[in-house]
Amino acid sequence: MEQDEDGFLPDDHRVAFVFGQDDETATRPTKRRRVSKNTAAAEARQAQTHGHITTEFVPLFNGAEKPELVELRQKQFAASWAAIDARIQNVLKDSNRTTLNAVSSFVRDAIVETPQGKIPAALIVTGPNIALQDLLFTQLGDAVQEGWFVRLRSAEAPNLKATLRKIIRDVTRAGFARDADGEDELAVGNDGRKYLDYDLEALYAHVKPYESKQVTIAFQDSEAFDTSLLSDLIRLFSSWKDRISFTLLFGIATSVELFQARLLKSTSQCLYGAQFDVVQMSSILESVFKCAVAHQSCPLKLGPVFLGSLVERQQSQVAGIQLFISSLKYAYMCHFYANALSVLLIQPNPPQPEHNEALRNLPSFRHHVESAVEEGKLQHTRSLLLDDAYLASERLAALKTTQKWEDSLLRSLALLVASEVPQEDFITLYISALANGIDLHNEDSPFLEAVKRMSVDDISSLLQRLSNVIKAGDPELGLLGWADEDGQTSRTLAEMIEQIASLQSQAQLNGFQLRSQYTAQSRVLRTTVIAQKVQLSQDESNLTKEDKLLTDLVDNLLELLAATISCQPADAMFLHELWMYESKAPHKDVFIPRPGTIFERALSRPYDYLACACCSTVFDGGNAATLPTTSLLYHLYQETGALMNVADMWSAFYAMVGKSASDDELTAKAPRLSDDSGYDERIALVLFYQGLADLKAMGFVKATRRRPDHIAKNKWLL
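The numbers in UniProt numbering rise by one with no breaks, and the one at position 388 of the sequence shown is 388.
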């Protein structure tokens with residue numbers, strides 16, 4: 001398409017496009033050449049050698065973005081997420097490492113330590129989060145190295161025969177099919193004999209030649225299995241115990257006692273169980289959050305509003321950790337896919353004039369310019385608006401300032417967590433710091449007041465923890481120690497530690513308890529009896545010299561903490577749109593779809609989606625005969641109650657789209673004679689049933705038994 005003088009395409013105003021018109025001739029697709037895998041791989045390597053890399057991103061700036069920049073944005077996304085995903089996988093492996101090692105050790109030693117005639121069973125208490133079970137049992141499948149590992153879910157085990165078939169199939173890794181008559185096909189063992197595919201004799205024939213005959217069967221959601229099925233399986237495994245060494249793993253969401261109560265007593269006696277507890281999802285979520293969101297090497301910062309909604313949905317819906325990871329990946333993709341300015345994070349100079357124009361339209365840029373004008377920095381403002389080179393230098397300076405801000409943010413959070421004063425978890429502290437910054441002098445912050453009222457032992461422990469964090473940093477956040485950069489703070493904390501230790505030793509020698517002005521009772525009540533009358537008076541409590549020195553130390557510590565633990569909100573940084581993603585709309589539409597709302601909007605206002613002439617005369621969701629049939633019926637649907645008489649709907653529908661009495665004698669070659677004429681009854685009835693079928697397919701109506709000539713409404717939850 002050709003562009004007009006302003007650089008816009010003639011179809012930019014259209015909301016949607018309709019392809020495959022009647023006058024379009026279908027072209028025969030070109031015949032594709034069949035190639036082998038080796039040939040395809042060779043062609044892919046050749047294309048990569050010549051620099052032809054397939055780009056899935058599209059050019060921005062109305063198509064004016066250079067192809068190499070589009071490719072650069074895609075490479076940025078791939079490289080950024082690859083590094084984050086590697087850290088996430090390490091965290092997931094380490095999160096259940098203790099449980100995995102314990103269960104693996106139990107499985108390895110089960111044959112030796114289990115009493116004769118009993119089946120070893122690991123009772124793994126995962127908690128109420130079902131999504132955690134999937135991650136754990138996937139890791140168990142990789143961790144258990146002895147024999148064969150079979151993973152069962154309740155949906156895969158409807159009955160005993162299907163469960164045995166699943167176990168044998170997974171162990172032998174052989175495909176089982178049915179013959180033409182539908183009978184079970186016989187499985188061929190290593191000895192040449194044929195067995196039914198649900199016969200444990202086939203399993204025994206397969207494992208018999210191997211030195212290890214141990215088969216580990218994991219019931220992932222054991223409480224969802226039928227109780228009688230579990231009992232039958234356990235008794236069957238017990239009868240084969242002398243030939244096949246079965247080891248059972250049970251994932252339990254409630255408690256071992258409740259799980260044992262579901263089994264028969266005779267079945268429970270066949271098991272030799274050991275209980276294992278799993279790290280809860282909240283701890284795993286915080287670890288993943290630290291390595292994927294708050295980590296210092298993350299090139300993209302997610303905004304507080306977006307993060308708040310993401311974490312709230314994760315906690316309220318008890319979603320799995322994989323959904324949280326997918327949400328993070330989608331946010332990264334949206335940023336690099338739709339933000340042409342993301343390349344400026346690695347490009348020293350704007351490669352195109354459009355980048356400078358886009359920079360000058362950012363909200364943070366406008367706010368910065370307005371503040372500069374109010375402060376009287378007119379030359380600075382003029383250079384930002386007119387001089388591209390000056391804008392580039394300010395952008396580089398802003399990125400350096402952003403790096404210092406990020407260091408201040410993570411260091412402040414690390415000190416807050418090390419202090420053990422805040423009651424909130426790290427995720428809440430991080431989101432709050434992004435949104436509001438960190439200011440300990442704020443009235444809403446109880447941090448300084450809590451430190452002020454600490455005992456001398458707590459203050460000594462606090463100083464030691466803060467000093468250790470400054471020296472070592474926080475490995476989970478990728479934060480290195482900053483004692484060399486901020487030597488004054490490190491030396492001050494070391495001096496305070498020595499001073500408080502000296503005061504404690506002096507107090508012990510003098511035989512009194514060391515206390516500050518904030519922890520000691522400042523006023524005491526004195527009772528005096530004079531002439532059989534009781535008089536009450538208040539006296540100031542006396543502080544020793546050591547107490548006063550401790551009070552001065554606490555005051556100095558409060559000033560040091562207030563100056564050290566502080567940072568600005570994220571949106572206060574100049575050009576923060578380059579490195580922060582805050583939009584909730586794409587993520588909400590993808591991970592929290594609302595099809596009901598979309599359908600209702602499309603049917604009530606079809607012009608917003610079709611932009612057709614027949615709907616252009618209908619405004620504000622009104623109804624007219626020119627609307628599409630389904631849309632017209634939806635408007636009638638809105639005017640009815642819970643039950644709708646089909647005959648009445650047909651009468652109202654035909655009154656709108658049918659022919660008038662004067663047109664009944666006319667015969668039409670086309671369904672609609674003209675703009676003023678309607679459909680005949682036969683065609684209108686076909687359209688009516690088609691529209692009702694569409695409404696039923698979209699979930700708005702359903703059949704009802706209350707009245708045979710009526711249909712009932714369905715209510716969308718979303």
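Ideal Cβ placement from N, Cα and C applies to all residues, glycine included.
With distances taken Cα to Cα, identify the nearest neighbour of residue i among the options.
{"i": "Ala414", "options": "Val215, Val373, Glu354 and Gly481", "result": "Gly481"}
{"i": "Cys270", "options": "Ser239, Tyr390 and Tyr198", "result": "Ser239"}
{"i": "Val91", "options": "Leu264, Glu286 and Gly273", "result": "Glu286"}
{"i": "Ile111", "options": "Leu123, Glu146 and Asn101", "result": "Glu146"}
{"i": "residue 721", "options": "Gly376, Asp85, Leu258 and Val469", "result": "Nothing can be reported for residue 721: it is not among the residues displayed for the chain, which extend from 1 to 718."}
{"i": "Phe599", "options": "Asn556, Phe512 and Leu695", "result": "Leu695"}
{"i": "Leu345", "options": "Ala261, Ser80, Leu236 and Val373", "result": "Ser80"}
{"i": "Leu514", "options": "Val554, Lys329 and Leu477", "result": "Val554"}
{"i": "Leu503", "options": "Gln464, Ser490 and Lys545", "result": "Lys545"}
{"i": "Phe336", "options": "Arg73, Leu399 and Pro363", "result": "Arg73"}
{"i": "Ser309", "options": "Thr630, Tyr518 and Leu328", "result": "Leu328"}
{"i": "Gln133", "options": "Glu71, Trp405 and Leu100", "result": "Leu100"}
{"i": "Ala64", "options": "Ser316, His355, Thr138 and Pro475", "result": "His355"}
{"i": "Asn436", "options": "Ser383, Leu248, Asp571 and Thr626", "result": "Asp571"}
{"i": "Ala78", "options": "Val150, Ala331, His206 and Phe276", "result": "Ala331"}
{"i": "Lys241", "options": "Gln260, Glu201, Leu229 and Ser297", "result": "Glu201"}
{"i": "Glu312", "options": "Lys290, Glu639, Ser282 and Ala294", "result": "Ser282"}
{"i": "Ala389", "options": "Ile500, Pro350, Gly678 and Val288", "result": "Pro350"}
Check residue i in the structure and name its three-state DSSP category.
{"i": "Arg382", "result": "helix"}
{"i": "Ser445", "result": "coil"}
{"i": "Arg173", "result": "coil"}
{"i": "Pro475", "result": "helix"}
{"i": "Asp439", "result": "strand"}
{"i": "Ala122", "result": "strand"}
{"i": "Ala703", "result": "strand"}
{"i": "residue 722", "result": "Nothing can be reported for residue 722, as the shown portion of the chain is limited to 1 through 718."}
{"i": "Ile325", "result": "helix"}
{"i": "Tyr607", "result": "helix"}
{"i": "Gln220", "result": "coil"}
{"i": "Phe259", "result": "helix"}
{"i": "Val469", "result": "helix"}
{"i": "Trp148", "result": "strand"}
{"i": "His295", "result": "coil"}
{"i": "Tyr679", "result": "strand"}
{"i": "Cys567", "result": "strand"}
{"i": "Met644", "result": "strand"}
{"i": "Thr544", "result": "coil"}
What distance in whole Å lies between the Cβ atoms of residue j and residue i, which are believed to be in contact at a cut-off of 8 Å?
{"i": "Ala103", "j": "Leu140", "result": "The sequence as given places Val at residue 103; Ala does not occur at that position. At roughly 6 Å, the Cβ-Cβ gap stays under 8 Å, so Val103 and Leu140 are in contact."}
{"i": "Val278", "j": "Gly127", "result": "7 Å"}
{"i": "Arg215", "j": "Phe250", "result": "Sequence inspection shows Val at residue 215; the Arg mentioned does not correspond to that position. Not quite, the Cβ-Cβ distance comes to about 15 Å (not below 8 Å), so this is no contact."}
{"i": "Tyr198", "j": "Leu164", "result": "4 Å"}
{"i": "Gln275", "j": "Leu123", "result": "5 Å"}
{"i": "Val369", "j": "Leu359", "result": "Contact flag wrong, Cβ pair sits at about 11 Å."}
On the criterion of 16 or more Cβ atoms from any shown chain inside 10 Å, does residue i qualify as buried, or is it exposed?
{"i": "Glu113", "result": "exposed"}
{"i": "Arg366", "result": "exposed"}
{"i": "Asn159", "result": "exposed"}
{"i": "His587", "result": "buried"}
{"i": "Leu386", "result": "exposed"}
{"i": "Gly658", "result": "buried"}
{"i": "Gln403", "result": "exposed"}
{"i": "Ser212", "result": "exposed"}
{"i": "Lys265", "result": "exposed"}
{"i": "Leu509", "result": "exposed"}
{"i": "Arg87", "result": "buried"}
{"i": "Asp109", "result": "exposed"}
{"i": "Thr254", "result": "exposed"}
{"i": "Asn96", "result": "buried"}
{"i": "Gln317", "result": "exposed"}
{"i": "Ser467", "result": "buried"}
At least 3 beta-carbon pairs within less than 8 Å: the region 150-161 vs the region 223-239: yes
Cβ contact check for the region 297-308 and the region 579-592: 3 or more pairs under 8 Å: yes
Stretch-stretch touch, CB-based, cutoff 8 Å, three pairs: the region 585-592 with the region 404-424: Contact between the region 585-592 and the region 404-424 is absent, because fewer than three Cβ pairs lie under 8 Å.
Validate contact between the region 550-560 and the region 447-456 using beta carbons, cut 8 Å, 3 pairs: Touching, per the Cβ criterion.
Given 8 Å, three or more beta-carbon pairs between the region 445-453 and the region 418-435: yes
The region 703-714 in contact with the region 640-653 per 3-pair CB rule at 8 Å: yes
The region 489-498 / the region 459-479 touching (three or more Cβ pairs under 8 Å): yes
Inter-stretch contact at 8 Å, needing at least 3 Cβ pairs: the region 467-485 / the region 508-522: no
Touching by the beta-carbon criterion (3+ pairs, under 8 Å), the region 59-76 and the region 335-344: yes
Segment contact, 8 Å Cβ cut-off, at least three pairs: the region 385-400 with the region 356-364: yes
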